[in-house]
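These notes concern the structure reproduced below.
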Amino acid sequence: MAPAASAPAAVDIVETAVAAGTFTTLAKALTASGLIETLKGTGPFTVLAPTDEAFAKIPAKDLEALLADTAALKKVLTYHVISGSVPASTVTTLTEATSVEGSKIMIKVVDGKVMLNDASEVTATDIAASNGVIHVINTVLMPPKK
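When you line the sequence shown up against my numbering, it's residues 2 to 147, in that order.
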């Protein structure tokens, strides 16, 4: 897991993600769910941000259905947010973290790579924003069924 270059944290998490250009589906989902304003809030937040390639792993029909179901979409997206700023140096010492959605995300370091729920790899870390930090992941996390 290579740390990302730290840019000055002059913009919030949403603006940082949009500027990166690799999170267009995430931005669309945040807009559809009504969570843009929340993630532009004071924070701090730690966002596990799935790339467009991560969203592309979801079958198109399933992704369209998710984007159309605001309640389910909010649940999935808030499962990618942890309250507080959790830098990579802390993440690697944890075995789990509780998401804003309320469910736990399991964390393991395997061969130097941080894995979430045994399904998603953290591919870039510590992207600073004015209201928190972004860690990039390569697979969308789905909250456990309750």
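Beta carbons are placed, not taken as given, at the ideal position from N, Cα and C, and that holds for glycine.
- Presumed contact (8 Å Cβ cut-off) between GLY133 and SER86, rounded CB distance: 5 Å
| message | Is the beta carbon of ALA50 closer than 7 Å to that of ILE135? | response | yes
Is PHE56 closer than 7 Å to THR26 when the C-beta atoms are compared? yes
Practice prompt. Note down the Cα distance separating ALA11 from SER131, rounded to an integer number of angstroms.
Written response: 5 Å
Exercise for review: Output the distance between the C-alpha atoms of VAL19 and SER84, rounded to the nearest integer angstrom.
Suggested key: 21 Å
#### Entry: Which residues DSSP lists as bridging LEU36, in chain order
For LEU36, DSSP assigns no beta-bridge partner whatsoever.
Practice problem: Give the secondary structure of SER84 by DSSP, where H, G and I count as helix, E and B as strand, and everything else as coil. | Solution: strand
Going by beta-carbon coordinates alone, are SER121 and ILE138 separated by less than 7 Å? yes
Exercise for review: Using alpha carbons as the reference points, say which of LEU95, ASP127, VAL123 and GLU102 lies closest to LEU74.
Suggested key: GLU102
- Item | Three-state class that DSSP yields for ALA120 in the structure shown | coil
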